[in-house]
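Just add 40 to wherever you are in the sequence shown, counting from 1, and you've got the numbering used here. Heads up, the beta-carbon is just placed ideally off N, CA and C, and yes, glycines get one too. Written below as C-alpha coordinates is the structure these notes are about.
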Amino acid sequence: MKTQAAVNEFLHSRKSAGLSELSITWYQAKLQTFAQVCPKLPKDPKPIEAFLATVHSSTATSLNYFNALRAFFRFISERHDIRNPMAKIRTSRSEKSKKKVRATLEPAEEMRLLESVPESNLRDRVILTLLIDSGIRSGELTGLRPQDIGMETIRVSGKTGEREVPVSEETRRLLLLTIAEHGKQDYVFHGHKGPLTRHGVYRIVSTYMRKVGIRMPKLGPCRIRHAFGKGYLVNGGDLRSLQQLMGHERITTTEEYADLAMPDIIAKHHQFTPLRAAHAAAQGSFYRPQAVKEAEEIL
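Here you go:
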(Lines of atoms letter the chains of each structure in order from A; the text may use other names.)
(Lines give C-alpha, C1' and ligand atoms only; values in the text may rest on other atoms or scores of the structure.)
Protein backbone atom coordinates (compact mmCIF):
# COMPACT_ATOMS: atom_id res chain seq x y z
CA MET A 41 0.00 0.00 0.00
CA LYS A 42 1.31 3.45 -0.89
CA THR A 43 1.84 5.72 2.10
CA GLN A 44 0.31 8.76 0.39
CA ALA A 45 -2.93 6.89 -0.28
CA ALA A 46 -3.06 5.81 3.36
CA VAL A 47 -2.39 9.38 4.51
CA ASN A 48 -5.21 10.70 2.31
CA GLU A 49 -7.55 8.09 3.74
CA PHE A 50 -6.59 9.01 7.30
CA LEU A 51 -7.02 12.76 6.73
CA HIS A 52 -10.41 12.20 5.08
CA SER A 53 -11.53 10.18 8.10
CA ARG A 54 -10.41 12.97 10.45
CA LYS A 55 -12.37 15.54 8.45
CA SER A 56 -15.45 13.31 8.50
CA ALA A 57 -15.05 13.00 12.27
CA GLY A 58 -15.26 16.79 12.58
CA LEU A 59 -11.65 17.47 13.52
CA SER A 60 -10.72 21.16 13.32
CA GLU A 61 -8.94 22.52 10.25
CA LEU A 62 -5.90 23.34 12.37
CA SER A 63 -5.65 19.77 13.64
CA ILE A 64 -6.02 18.45 10.09
CA THR A 65 -3.20 20.73 8.95
CA TRP A 66 -1.07 19.63 11.91
CA TYR A 67 -1.44 15.96 10.91
CA GLN A 68 -1.04 16.69 7.20
CA ALA A 69 2.26 18.55 7.56
CA LYS A 70 3.87 15.72 9.51
CA LEU A 71 2.41 12.80 7.57
CA GLN A 72 3.24 14.33 4.17
CA THR A 73 6.88 14.53 5.24
CA PHE A 74 6.73 10.89 6.31
CA ALA A 75 5.13 9.87 2.99
CA GLN A 76 7.96 11.51 1.05
CA VAL A 77 10.59 9.60 3.02
CA CYS A 78 8.66 6.31 3.07
CA PRO A 79 6.57 6.16 -0.14
CA LYS A 80 5.63 2.54 0.58
CA LEU A 81 3.74 1.97 3.83
CA PRO A 82 6.15 0.23 6.26
CA LYS A 83 5.15 -3.13 7.69
CA ASP A 84 7.79 -3.21 10.44
CA PRO A 85 9.14 -0.61 12.89
CA LYS A 86 12.63 -0.10 11.42
CA PRO A 87 11.79 2.42 8.64
CA ILE A 88 9.62 4.39 11.07
CA GLU A 89 12.37 4.47 13.70
CA ALA A 90 14.84 5.61 11.04
CA PHE A 91 12.49 8.41 10.01
CA LEU A 92 11.98 9.55 13.60
CA ALA A 93 15.76 9.65 14.03
CA THR A 94 16.08 12.06 11.08
CA VAL A 95 13.62 14.57 12.54
CA HIS A 96 14.99 14.25 16.07
CA SER A 97 17.33 17.21 15.78
CA SER A 98 15.04 19.44 13.71
CA THR A 99 13.10 22.36 15.11
CA ALA A 100 9.96 20.21 15.29
CA THR A 101 10.77 17.45 17.76
CA SER A 102 10.43 13.77 16.97
CA LEU A 103 7.79 13.56 19.69
CA ASN A 104 5.34 15.52 17.53
CA TYR A 105 5.94 13.18 14.59
CA PHE A 106 5.69 10.19 16.91
CA ASN A 107 2.23 11.26 18.07
CA ALA A 108 1.03 11.90 14.52
CA LEU A 109 2.36 8.55 13.27
CA ARG A 110 0.90 6.68 16.22
CA ALA A 111 -2.61 7.99 15.45
CA PHE A 112 -2.11 7.35 11.73
CA PHE A 113 -0.96 3.73 12.04
CA ARG A 114 -3.57 2.94 14.66
CA PHE A 115 -6.26 4.04 12.20
CA ILE A 116 -4.75 2.19 9.21
CA SER A 117 -4.21 -1.04 11.14
CA GLU A 118 -7.81 -1.05 12.37
CA ARG A 119 -9.29 -0.03 9.01
CA HIS A 120 -7.37 -2.62 6.97
CA ASP A 121 -6.91 -5.27 9.66
CA ILE A 122 -3.11 -5.25 9.41
CA ARG A 123 -0.38 -5.32 12.03
CA ASN A 124 0.46 -1.96 13.57
CA PRO A 125 4.24 -1.35 13.23
CA MET A 126 4.03 1.53 15.73
CA ALA A 127 2.88 -0.80 18.49
CA LYS A 128 6.47 -1.73 19.39
CA ILE A 129 7.91 1.78 19.12
CA ARG A 130 8.18 3.72 22.34
CA THR A 131 9.25 7.25 23.14
CA SER A 132 10.93 7.89 26.45
CA ARG A 133 9.72 10.34 29.05
CA SER A 134 13.06 12.10 28.77
CA GLU A 135 12.26 12.73 25.10
CA LYS A 136 8.99 14.36 26.12
CA SER A 137 10.84 16.65 28.50
CA LYS A 138 13.04 17.90 25.64
CA LYS A 139 10.07 19.34 23.78
CA LYS A 140 10.62 23.05 23.29
CA VAL A 141 8.06 25.25 24.97
CA ARG A 142 7.82 28.85 23.86
CA ALA A 143 6.68 31.46 26.36
CA THR A 144 4.01 33.71 24.86
CA LEU A 145 1.82 36.57 25.96
CA GLU A 146 -1.92 36.27 26.42
CA PRO A 147 -4.23 38.81 24.71
CA ALA A 148 -5.00 40.44 28.08
CA GLU A 149 -1.28 40.95 28.68
CA GLU A 150 -0.85 42.55 25.27
CA MET A 151 -3.75 44.88 26.01
CA ARG A 152 -2.14 45.91 29.30
CA LEU A 153 1.09 46.60 27.43
CA LEU A 154 -0.61 49.00 25.02
CA GLU A 155 -2.50 50.73 27.80
CA SER A 156 0.72 51.28 29.76
CA VAL A 157 2.25 53.57 27.12
CA PRO A 158 1.74 57.31 27.79
CA GLU A 159 -0.26 59.07 25.08
CA SER A 160 2.65 61.47 24.63
CA ASN A 161 5.02 58.65 23.62
CA LEU A 162 3.97 57.96 20.04
CA ARG A 163 7.08 55.99 19.08
CA ASP A 164 6.72 53.37 21.82
CA ARG A 165 2.99 52.98 21.17
CA VAL A 166 3.66 52.39 17.47
CA ILE A 167 6.41 49.86 18.22
CA LEU A 168 4.17 47.76 20.47
CA THR A 169 1.18 48.08 18.14
CA LEU A 170 3.22 47.02 15.11
CA LEU A 171 4.79 44.03 16.87
CA ILE A 172 1.41 42.78 18.13
CA ASP A 173 -0.33 43.37 14.79
CA SER A 174 2.30 41.89 12.46
CA GLY A 175 4.49 39.47 14.41
CA ILE A 176 7.64 40.79 12.71
CA ARG A 177 11.11 40.44 14.22
CA SER A 178 12.72 43.33 16.09
CA GLY A 179 15.45 43.51 13.43
CA GLU A 180 12.79 43.84 10.75
CA LEU A 181 11.14 46.63 12.70
CA THR A 182 14.37 48.63 13.07
CA GLY A 183 15.07 48.26 9.33
CA LEU A 184 11.70 49.68 8.32
CA ARG A 185 11.97 52.72 6.00
CA PRO A 186 9.25 55.25 5.07
CA GLN A 187 9.06 53.87 1.52
CA ASP A 188 8.30 50.40 2.95
CA ILE A 189 4.86 51.51 4.16
CA GLY A 190 2.16 50.51 1.67
CA MET A 191 -1.61 50.87 1.66
CA GLU A 192 -2.29 47.53 3.36
CA THR A 193 1.15 46.00 3.87
CA ILE A 194 4.68 46.83 4.93
CA ARG A 195 7.83 45.53 3.24
CA VAL A 196 10.37 44.04 5.65
CA SER A 197 13.80 42.50 5.17
CA GLY A 198 14.44 39.45 7.35
CA LYS A 199 16.41 36.23 7.55
CA THR A 200 14.70 34.86 4.44
CA GLY A 201 14.88 38.04 2.35
CA GLU A 202 12.20 40.63 1.66
CA ARG A 203 8.50 39.93 2.16
CA GLU A 204 5.20 41.79 2.35
CA VAL A 205 3.42 41.70 5.71
CA PRO A 206 -0.20 42.87 6.13
CA VAL A 207 -0.96 45.48 8.79
CA SER A 208 -4.23 46.91 10.06
CA GLU A 209 -5.39 50.40 9.12
CA GLU A 210 -4.83 51.56 12.71
CA THR A 211 -1.20 50.42 12.60
CA ARG A 212 -0.65 52.08 9.22
CA ARG A 213 -2.00 55.40 10.50
CA LEU A 214 0.30 55.28 13.52
CA LEU A 215 3.29 54.56 11.26
CA LEU A 216 2.44 57.56 9.08
CA LEU A 217 2.13 59.78 12.17
CA THR A 218 5.59 58.64 13.28
CA ILE A 219 7.07 59.46 9.88
CA ALA A 220 5.41 62.89 9.91
CA GLU A 221 6.74 63.59 13.41
CA HIS A 222 10.37 63.00 12.41
CA GLY A 223 10.27 64.52 8.94
CA LYS A 224 12.36 63.07 6.12
CA GLN A 225 14.57 60.35 7.65
CA ASP A 226 16.12 57.12 6.37
CA TYR A 227 14.31 54.94 8.93
CA VAL A 228 10.91 55.05 10.61
CA PHE A 229 12.10 54.50 14.19
CA HIS A 230 14.79 56.48 15.99
CA GLY A 231 16.58 56.49 19.32
CA HIS A 232 18.49 59.27 21.03
CA LYS A 233 21.57 58.85 18.83
CA GLY A 234 20.18 57.79 15.48
CA PRO A 235 18.19 54.87 14.05
CA LEU A 236 16.71 52.55 16.67
CA THR A 237 18.65 49.31 17.23
CA ARG A 238 17.46 45.79 18.08
CA HIS A 239 18.82 46.25 21.58
CA GLY A 240 16.81 49.45 21.84
CA VAL A 241 13.62 47.62 20.86
CA TYR A 242 14.31 44.92 23.46
CA ARG A 243 14.88 47.55 26.14
CA ILE A 244 11.71 49.47 25.26
CA VAL A 245 9.48 46.38 25.13
CA SER A 246 10.94 44.82 28.28
CA THR A 247 10.51 48.09 30.21
CA TYR A 248 6.77 48.16 29.52
CA MET A 249 6.47 44.44 30.23
CA ARG A 250 8.00 44.89 33.67
CA LYS A 251 5.75 47.90 34.21
CA VAL A 252 2.62 45.75 33.86
CA GLY A 253 3.99 42.82 35.85
CA ILE A 254 5.25 40.54 33.06
CA ARG A 255 8.43 38.69 34.08
CA MET A 256 10.85 36.17 32.61
CA PRO A 257 10.67 34.05 30.56
CA LYS A 258 8.14 36.30 28.82
CA LEU A 259 10.33 39.39 28.47
CA GLY A 260 11.33 40.73 25.07
CA PRO A 261 9.79 41.35 21.64
CA CYS A 262 10.20 37.71 20.60
CA ARG A 263 7.45 36.79 23.09
CA ILE A 264 5.07 39.09 21.23
CA ARG A 265 6.09 37.37 17.99
CA HIS A 266 5.35 33.95 19.49
CA ALA A 267 1.98 35.22 20.71
CA PHE A 268 1.19 36.36 17.16
CA GLY A 269 1.98 32.90 15.74
CA LYS A 270 -0.10 31.12 18.34
CA GLY A 271 -3.01 33.57 18.14
CA TYR A 272 -3.09 33.44 14.34
CA LEU A 273 -3.65 29.68 14.39
CA VAL A 274 -6.06 29.67 17.33
CA ASN A 275 -8.24 32.20 15.51
CA GLY A 276 -8.46 30.15 12.31
CA GLY A 277 -5.29 30.89 10.33
CA ASP A 278 -3.43 28.13 8.47
CA LEU A 279 0.19 27.03 8.69
CA ARG A 280 1.19 27.95 5.12
CA SER A 281 0.04 31.54 5.32
CA LEU A 282 1.56 31.87 8.80
CA GLN A 283 4.87 30.61 7.41
CA GLN A 284 4.81 33.39 4.82
CA LEU A 285 3.75 36.06 7.31
CA MET A 286 6.50 35.20 9.78
CA GLY A 287 9.21 34.65 7.19
CA HIS A 288 10.04 31.07 8.13
CA GLU A 289 12.27 29.21 5.71
CA ARG A 290 10.94 25.81 6.80
CA ILE A 291 7.40 24.76 7.60
CA THR A 292 8.73 22.72 10.54
CA THR A 293 9.51 25.98 12.33
CA THR A 294 5.93 27.13 11.83
CA GLU A 295 4.61 23.77 13.05
CA GLU A 296 5.86 24.61 16.53
CA TYR A 297 3.10 27.21 16.77
CA ALA A 298 0.50 24.56 15.97
CA ASP A 299 1.79 22.54 18.93
CA LEU A 300 1.75 25.67 21.07
CA ALA A 301 -1.85 26.44 20.09
CA MET A 302 -3.11 22.89 20.67
CA PRO A 303 -4.28 23.42 24.31
CA ASP A 304 -6.51 26.28 23.09
CA ILE A 305 -7.80 24.12 20.24
CA ILE A 306 -8.61 21.33 22.69
CA ALA A 307 -10.46 23.78 24.94
CA LYS A 308 -12.49 25.04 21.96
CA HIS A 309 -13.30 21.45 21.00
CA HIS A 310 -14.57 20.68 24.50
CA GLN A 311 -16.73 23.79 24.35
CA PHE A 312 -18.18 23.43 20.85
CA THR A 313 -18.16 19.69 20.05
CA PRO A 314 -21.56 18.55 18.61
CA LEU A 315 -21.43 15.65 21.06
CA ARG A 316 -22.18 18.06 23.91
CA ALA A 317 -25.55 18.96 22.38
CA ALA A 318 -26.26 15.35 21.43
CA HIS A 319 -25.43 14.22 24.95
CA ALA A 320 -27.79 16.80 26.44
CA ALA A 321 -30.54 15.80 24.02
CA ALA A 322 -30.20 12.18 25.11
CA GLN A 323 -31.03 13.29 28.68
CA GLY A 324 -28.58 10.87 30.23
CA SER A 325 -25.09 9.51 30.16
CA PHE A 326 -23.90 7.42 27.23
CA TYR A 327 -21.28 5.71 29.35
CA ARG A 328 -21.21 3.77 32.60
CA PRO A 329 -18.94 5.69 35.04
CA GLN A 330 -17.36 2.48 36.34
CA ALA A 331 -16.47 1.35 32.81
CA VAL A 332 -14.85 4.70 32.08
CA LYS A 333 -12.83 4.47 35.29
CA GLU A 334 -11.62 0.97 34.40
CA ALA A 335 -10.58 2.12 30.92
CA GLU A 336 -8.64 5.07 32.35
CA GLU A 337 -6.75 2.72 34.66
CA ILE A 338 -5.79 0.55 31.67
CA LEU A 339 -4.49 3.58 29.75
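Cβ separation of residue i and residue j, assumed to be a contact under 8 Å, to the nearest whole Å
i	j	result
Leu62	Ile305	6 Å
Pro85	Lys128	5 Å
Glu150	Ala267	7 Å
Met249	Leu154	Going by Cβ atoms, the distance from Met249 to Leu154 rounds to 12 Å, so no, they are not a contact pair.
Leu279	Thr144	Actually they are not in contact, since the Cβ atoms of Leu279 and Thr144 sit about 17 Å apart, beyond 8 Å.
Tyr67	Leu51	6 Å
Leu259	Ser246	5 Å
Nearest residue (CA-CA) to residue i, options the options
i	options	result
Ala111	Glu180, Arg195, Gly253, Arg54	Arg54
Gly223	Val245, Arg185, Thr193, Arg195	Arg185
Arg163	Met286, His230, Val205, His309	His230
Arg290	Ser60, Tyr67, Leu51, Thr73	Thr73
Tyr105	Glu155, Ile88, Ser117	Ile88
Val205	Thr292, Leu259, Val245, Met191	Met191
Cys78	Glu49, His232, Phe50, Ala90	Ala90
Glu49	Arg119, His309, Gly201, Thr247	Arg119
Ala69	Lys80, Ala93, Asn107	Asn107
Thr218	Ser281, Ser160, Phe113	Ser160
Ile116	Ser102, Leu71, Thr94	Leu71
Leu300	Arg130, Arg238, Ala220, Lys270	Lys270
Thr272	Pro158, Arg130, Lys80, Pro147	The residue you asked about is not Thr; residue 272 is Tyr in the sequence shown. Answer by Cα proximity: Pro147.
Leu216	Ile194, Leu259, Val95, Leu236	Ile194
Ile176	His310, Asp226, Arg238, His309	Arg238
Glu202	Phe312, His288, Gln76, Ala93	His288
Ser60	Thr292, Ser174, Gly277, Ser197	Gly277
Thr94	Thr292, Phe312, Lys199	Thr292
Val196	Ala75, Gln284, Phe312	Gln284
Gly183	Gly198, Leu214, Ile172	Gly198
Ser156	Thr313, Ala220, Ile254	Ile254
Asp173	Phe312, Pro158, Leu214	Leu214
Lys80	Ser56, Phe312, Gln44	Gln44
Range of the contiguous beta strand (DSSP E) that encloses residue i
i	result
Arg114	Where Arg114 is concerned, there is no enclosing beta strand (DSSP E), although the alpha helix (DSSP H) it sits in stretches over 102 to 120.
Ser178	Here Ser178 belongs to no beta strand (DSSP E); instead the alpha helix (DSSP H) covers 178 to 182.
Thr193	193 to 198
Arg265	No beta strand (DSSP E) holds Arg265; the alpha helix (DSSP H) holding it covers 261 to 274.
Val205	201 to 206
Outcome for residue i when other beta-carbon atoms lying within 10 angstroms are tallied against a minimum of 16
i	result
Gly58	exposed
Lys42	exposed
Met286	buried
Asp188	buried
Glu295	buried
Ala46	buried
Ser178	buried
Lys251	exposed
Pro303	exposed
Ala298	buried
Ser102	buried
Asp226	exposed
Pro261	buried
Ser281	exposed
Residue range of the unbroken alpha helix (DSSP H) whose run includes residue i
i	result
Arg255	No alpha helix (DSSP H) holds Arg255; DSSP gives it neither H nor E.
Lys233	Run containing Lys233: none; DSSP gives neither H nor E here.
Val48	Sequence check: residue 48 is Asn here, not Val. Residues 43 to 56.
Val166	162 to 174
Thr218	209 to 222
His35	Past the boundaries of the shown model lies residue 35; the chain is included only from 41 to 339, so the question cannot be answered.
Pro85	85 to 95
Arg152	147 to 155
Val77	61 to 77
Gln225	Here Gln225 belongs to no alpha helix (DSSP H), and DSSP marks it neither H nor E.
Met126	From DSSP, Met126 is part of no alpha helix (DSSP H); its letter is neither H nor E.
Gln283	279 to 286
Contact test: residue i Cβ vs the ligand ZN heavy atom, cutoff 8 Å
i	result
Arg152	As far as ligands go, the structure on display features none, and thus does not contain the ligand ZN.
**Any 3 or more C-beta pairs closer than 8 Å across the stretch 117 to 128 and the stretch 160 to 177** = no
**Request:** Assess, as a yes-or-no matter, whether the stretch 200 to 220 is touched by the stretch 242 to 257 under the definition of 3 or more beta carbon pairs within less than 8 Å.
**Result:** With contact defined as three or more Cβ pairs closer than 8 Å, the stretch 242 to 257 and the stretch 200 to 220 are not in contact.
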